[in-house]
Amino acid sequence: MEIYLVRHTTPDIGKDTCYGQSNVPLAKGYQAEMAHTSSLLPDTIDQCYTSPLLRCKTLAYELAEQVVTDSRLLELNFGDWELKLWDQIQNDQLTLWMKNYVDHGPPQGESYQQLADRVTLAWNEITTSPYETVVLVCHAGVIRALLAQLLNLDLQDSFKLQVDYGSVTKVTLNQNLTTICYTNRR
Numbered sequence: 000m001e002i003y004l005v006r007h008t009t010p011d012i013g014k015d016t017c018y019g020q021s022n023v024p025l026a027k028g029y030q031a032e033m034a035h036t037s038s039l040l041p042d043t044i045d046q047c048y049t050s051p052l053l054r055c056k057t058l059a060y061e062l063a064e065q066v067v068t069d070s071r072l073l074e075l076n077f078g079d080w081e082l083k084l085w086d087q088i089q090n091d092q093l094t095l096w097m098k099n100y101v102d103h104g105p106p107q108g109e110s111y112q113q114l115a116d117r118v119t120l121a122w123n124e125i126t127t128s129p130y131e132t133v134v135l136v137c138h139a140g141v142i143r144a145l146l147a148q149l150l151n152l153d154l155q156d157s158f159k160l161q162v163d164y165g166s167v168t169k170v171t172l173n174q175n176l177t178t179i180c181y182t183n184r185r
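Residue 11 in numbering that gives the first Met the number 0 sits at position 12 of the sequence shown, and the numbers go up by one each step.
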């Protein structure tokens, strides 16, 4: 099985804004970015899974005819911080979260461990499917959590992995051997 982890292309939101599960659209001119990302994928895709957010679904439906929406592929839920400017978030709350975001989420949000747990459930289901070529259109946090699991990295260390907008990461599964063929291809 070949699995391609695709991060959505550039969203239409400022870099200084906290967003995770907010339904932010893609930036103007996204078609050119999508065309480039599409060129990095095989011509035949047996199954495509996507986060339900517009920035992922738009790309998924450009890539494949058969698309399954899976809420387990959502980005981190930032709760009360969603769509706030980072510098508007109370400094003490932000500092506390940054010290241990793996186990503690923002107010009304989820921890990175909670994200990893739901993503792992999706991964286990997808990797036991009969498909040969699978694409997951999702988010940087999701891709990092999956790579951390596959590489036996602590979740805290997963942010050392770069996952750019529109990038592709390829993973192959052959019986009991999982291989990360490449990451962050652009």
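Just so it is clear, CB atoms sit at the ideal spot from N, CA and C, and this is done for glycine as well.
What is the rounded straight-line gap between the Cα of Thr117 and the Cα of Glu124?
For the purposes of this step, residue 117 is taken as residue 118 along the sequence shown, with counting starting at 1. For the purposes of this step, residue 124 is taken as residue 125 along the sequence shown, with counting starting at 1. Before going further, note that residue 117 is Arg rather than Thr in the sequence given. Distance between the alpha carbons of Arg117 and Glu124 is about 11 Å.
So the candidates are Leu95, Ala144, Gly140; which of them puts its Cα closest to the Cα of Thr119?
Reading the sequence shown from its first residue, position 120 is the one you call residue 119. Checking every option, the nearest Cα to that of Thr119 belongs to Ala144.
Whose CA, out of Ala26, Ala63, Ser110, lies closest to the CA of Arg54?
Walking along the sequence shown from the start, residue 54 turns up at place 55. Of the listed residues, the one whose Cα sits closest to Arg54 is Ala26.
For the putative contact between Asp15 and Leu84, defined by C-beta atoms under 8 Å, what is the C-beta separation to the nearest angstrom?
Here residue 15 corresponds to residue number 16 of the sequence shown, with the count starting at 1. Here residue 84 corresponds to residue number 85 of the sequence shown, with the count starting at 1. Yes, they are in contact, since the Cβ atoms of Asp15 and Leu84 sit about 5 Å apart, within 8 Å.
Beta carbon of Val133, beta carbon of Ile2: below 7 Å?
In the sequence shown, counting from the first residue as 1, residue 133 sits at position 134. In the sequence shown, counting from the first residue as 1, residue 2 sits at position 3. A contact, by the Cβ cut-off of 7 Å.
Backbone secondary structure at Tyr18 - three-state DSSP
Locating residue 18 in the sequence shown gives position 19, counting from the first residue. Tyr18: coil per DSSP, three-state reduction.
Which value, in whole angstroms, describes the spacing of the CA atoms of Leu160 and Glu64?
What you label residue 160 is simply residue 161 of the sequence shown in a count that begins at 1. What you label residue 64 is simply residue 65 of the sequence shown in a count that begins at 1. For Leu160 and Glu64, the distance between alpha carbons rounds to 30 Å.
Cα-Cα separation, Lys98 to Thr43:
On the sequence shown, residue 98 is found 99 positions in, with the first residue counted as 1. On the sequence shown, residue 43 is found 44 positions in, with the first residue counted as 1. Distance between the alpha carbons of Lys98 and Thr43: 43 Å.
Considering only C-alpha positions, which residue in the set Tyr48, Ala59, Ser21, Cys47 is nearest to Thr8?
Numbered from its first residue, the sequence shown carries residue 8 at position 9. Measuring from the Cα of Thr8, the nearest candidate turns out to be Ala59.
Proximity of Thr49 and Val23 at Cβ, strictly below 7 Å:
What you label residue 49 is simply residue 50 of the sequence shown in a count that begins at 1. What you label residue 23 is simply residue 24 of the sequence shown in a count that begins at 1. Their beta carbons are not under 7 Å apart, which means Thr49 does not touch Val23 by this criterion.
Alpha carbon to alpha carbon, what distance is there between Val167 and Pro41?
Taking the first residue of the sequence shown as position 1, residue 41 is located at position 42. Taking the first residue of the sequence shown as position 1, residue 167 is located at position 168. Distance between the alpha carbons of Pro41 and Val167 is about 11 Å.
Taking only three categories from DSSP, how would you classify Ile142?
In the sequence shown, residue 142 corresponds to position 143, counting from 1. Three-state DSSP puts Ile142 in a helix.
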